[in-house]
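As they're listed, the protein sequences go chains X and R.
Each residue of the first sequence is one higher than the one before, starting from 226 at the first, in the numbering used here.
Each residue of the second sequence is one higher than the one before, starting from 226 at the first, in the numbering used here.
All residues carry an ideal CB built from backbone N, CA and C; glycine is no exception.
Nothing here was measured: the structure is a model prediction, and the numbers come from that model.
Take a look at the structure below.
There are 2 protein chains.
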Amino acid sequence: MRTDGRGRPRLEQPRRPGNTAREEILDAAAELFTSLGYASTSTRRIADAVGMRQASLYHHFGTKDEILDALLAGTVDEALELAAELLAEPGPFAPRLHALVVGDASQLCQSRWNLGALYLLPELRVGRFEILRLRREELRRRYRQLSVGVISESGGPPDSDDLPFRLVESVINRRSDDGGCAPEQPWVIADGALRVLGWDGDFEHVRCFSAQRLRLAFC
Amino acid sequence: MRTDGRGRPRLEQPRRPGNTAREEILDAAAELFTSLGYASTSTRRIADAVGMRQASLYHHFGTKDEILDALLAGTVDEALELAAELLAEPGPFAPRLHALVVGDASQLCQSRWNLGALYLLPELRVGRFEILRLRREELRRRYRQLSVGVISESGGPPDSDDLPFRLVESVINRRSDDGGCAPEQPWVIADGALRVLGWDGDFEHVRCFSAQRLRLAFC
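This is the structure we're talking about:
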């Protein structure tokens, strides 16, 4: 019999992706939050969707807010790390911003559930989500740093430095409207993020840089 | 004594902007939906916020969904009409797209509550909101028509035709993050909407066109 990692037998076989009970809970919660809504989803319902008792769910997460926090942290952390790496690398800013946009937009496109749609929840504005909000603000700041670099290299409009971050977020709205995300979408958005900053260099070259940097292809 | 427009005396003096009880209900609902969340707001709470009995609220709106529908229709209708007018006008596409972006983004910026944050609600995906969804889809289609025109005039990237609509929506995310909208934001976004389509003409000229077309200034 499979256990939930703390030695308790599970009610039934796992139905969800994830190697641990924790991952299954996160997956079930993500599905319910994005399809039913956050306020309308109870921890009881999440436990039912995983096939575990509500009491067992509380061994992993103390509250529904903790589940939301863990889910949304997962949408920010990878991009935050990639942004830090790219900021520390030498060379012109345009290919580095391009790679960040492709990497971050791909993750928002390919995640199993459209979690970014939860960023606008009023529930997130309370104090207990402050660390998450600060991490997202930090990601936005790193986008801005790279964007300001591109603007100064290309003589572009100084007040457009927040737009690349916003173009990446648009993946969320498009997934919501169209029920999916075309594979080329992150690349279209990355090219757009440079154009909106007034950059008009060799797009083939920056696409190649991003593909190699993100280990998607050699070109 | 003031009445609610159907001859019933009001419990107290109005506390909210709006000339009619209907407008006060919409304003209170908009505040509660964007601050508490849609699922967490009851019609009882909306009635309390207006200072009317719940039964009186039901003379104006049969359900909470009807209130949401009326609120969101208000965010789309004006832009839809402006887009139709601009599409029917002669001349190059770039100034017309610019004017639509300034007009629509200004409305999203200046509305008393950040209602666009409600577009991503899973509750909106059910059948009873279909007319609203179709109207928003139609607005998106009109943005695309103007964008395709700009792309063909400027030899820009054909797959970027959805990005101007997405840049306008970004006003919603930015208001949510920063708690407000800078007055120049619609203009920054409108310039960005042309740049992202590969347009690189005379920005002063299109800004003037938009200012005159929207009766904001003569220049």
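Closest Cβ-Cβ distance between residue i and chain R: below 8 Å?
| i | result |
| --- | --- |
| residue 315 (chain X) | no |
| residue 399 (chain X) | yes |
| residue 436 (chain X) | no |
| residue 345 (chain X) | yes |
| residue 373 (chain X) | no |
| residue 416 (chain X) | yes |
| residue 342 (chain X) | yes |
| residue 482 (chain X) | Nothing can be reported for residue 482 (chain X): it is not among the residues displayed for chain X, which extend from 226 to 444. |
| residue 307 (chain X) | no |
| residue 387 (chain X) | yes |
Beta-carbon within less than 8 Å of residue i's beta-carbon, same chain only, minus the 5 sequence neighbours each way: which residues are those?
| i | result |
| --- | --- |
| residue 266 (chain R) | 254, 257, 258, 289 |
| residue 307 (chain R) | 324, 325, 328, 329 |
| residue 301 (chain R) | 357, 360, 361, 364 |
| residue 382 (chain X) | 376, 422, 423 |
| residue 353 (chain R) | 290, 294 |
Chain X beta carbons: is any one of them nearer than 8 Å to that of residue i?
| i | result |
| --- | --- |
| residue 348 (chain R) | yes |
| residue 408 (chain R) | no |
| residue 391 (chain R) | yes |
| residue 382 (chain R) | yes |
| residue 264 (chain R) | yes |
| residue 259 (chain R) | yes |
| residue 394 (chain R) | yes |
| residue 474 (chain R) | Any property of residue 474 (chain R) remains undetermined from this structure, which presents chain R solely from 226 to 444. |
| residue 423 (chain R) | yes |
With distances taken from CA atoms, which of the options is nearest residue i?
| i | options | result |
| --- | --- | --- |
| residue 433 (chain R) | R:424, R:439, R:444 | R:444 |
| residue 418 (chain R) | R:437, R:436, R:372 | R:372 |
| residue 368 (chain X) | X:332, X:305, X:282, X:241 | X:305 |
| residue 426 (chain X) | X:300, X:395, X:379, X:311 | X:379 |
| residue 362 (chain R) | R:442, R:403, R:344 | R:344 |
| residue 341 (chain R) | R:421, R:383, R:398 | R:398 |
| residue 294 (chain X) | X:269, X:241, X:313, X:348 | X:348 |
| residue 403 (chain X) | R:261, R:276, R:252, R:350 | R:350 |
| residue 384 (chain X) | R:408, R:387, R:354 | R:408 |
| residue 435 (chain X) | X:370, X:322, X:337 | X:322 |
| residue 313 (chain X) | X:388, X:243, X:336, X:370 | X:370 |
| residue 243 (chain X) | X:298, X:280, X:268, X:337 | X:337 |
| residue 272 (chain R) | R:412, R:241, R:298 | R:241 |
Residue i and residue j look like a contact to me (Cβ under 8 Å); what is the Cβ gap, rounded to whole Å?
| i | j | result |
| --- | --- | --- |
| residue 393 (chain R) | residue 414 (chain R) | 6 Å |
| residue 334 (chain X) | residue 410 (chain X) | 6 Å |
| residue 296 (chain R) | residue 261 (chain R) | About 14 Å; that fails the 8 Å criterion. |
| residue 395 (chain X) | residue 391 (chain R) | 4 Å |
With a CB to CB cut of under 6 Å and the five nearest residues on each side skipped, what residues in its chain are close to residue i?
| i | result |
| --- | --- |
| residue 374 (chain R) | 318 |
| residue 247 (chain R) | 285 |
| residue 315 (chain X) | none |
| residue 274 (chain X) | 253 |
| residue 388 (chain X) | 421 |
Exposed or buried, which one is residue i when buried takes at least 16 other CB atoms within 10 Å?
| i | result |
| --- | --- |
| residue 339 (chain X) | buried |
| residue 332 (chain R) | buried |
| residue 310 (chain R) | exposed |
| residue 245 (chain X) | exposed |
| residue 320 (chain X) | buried |
| residue 263 (chain R) | buried |
| residue 420 (chain R) | buried |
| residue 442 (chain X) | exposed |
| residue 303 (chain X) | exposed |
| residue 249 (chain X) | buried |
CB-CB under 7 Å to residue i, same chain, minus the five flanking residues each way: which ones, in chain order?
| i | result |
| --- | --- |
| residue 416 (chain X) | 428 |
| residue 406 (chain R) | 334, 396, 399, 400 |
| residue 268 (chain X) | 279, 282, 289 |
Give a single yes or no on whether residue i has its beta carbon closer than 7 Å to a heavy atom of the ligand ADP.
| i | result |
| --- | --- |
| residue 294 (chain R) | This structure lacks the ligand ADP, and indeed carries no ligand of any kind. |
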